[in-house]
Amino acid sequence: MNWKITFQLSVFGLIMAIATISLIPEKVEPIFWIAIFIFCAYIIAKVVGRRHFLHGFCVSLVNCIWITAAHIIFYSTYISNHPNVVKMSSEHPLLPNHPRLAMLITGPFIGILSGLILGLFCFIASFIVKKKATAY
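Per my numbering, the sequence shown runs over residues 78 to 213.
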């Protein structure tokens, strides 16, 4: 497992965590994520020798930590720019009065789901992208 590349690629998650607080609207966010997933899949396929899916999955899990933490810490600013989050929080079946706790619980599930998607992107990219040549 190449933890260095995993943490380096997770910086995109940190940037998105900060950017989604007030800069990137909800409707445009998926476009950014698709671009990030394609880029990460390309880099992982180019640099990593094996376990492409696992690397993509781990990048998304680290991203989940960055994003959940940023959205909880800057909750007031985040919800003022994301009205759908307020609606979803109020309709949460278990924690309608505790939106930050709901985010803390929901965040890892979103991280796992996005990890499965990024892992699949990485797996597919591993068949398309030629590996970086190593000098002996």
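Ideal placement from N, C-alpha and C gives every residue a C-beta, glycine not left out.
At a Cβ-Cβ threshold of 8 Å, SER137 and SER203 do not count as neighbours. In the same chain as TRP110, and ignoring 5 residues on each side of it, the C-beta atoms closer than 8 Å to its own belong to MET93, SER191, in chain order. The alpha carbon of PHE89 has as its nearest neighbour, out of CYS141, GLY126, VAL124, ARG127, the alpha carbon of CYS141. Going by C-alpha positions, VAL139 is about 17 Å away from ILE120. Here GLY133 is not near ALA112, since their CB atoms are 8 Å or more apart.
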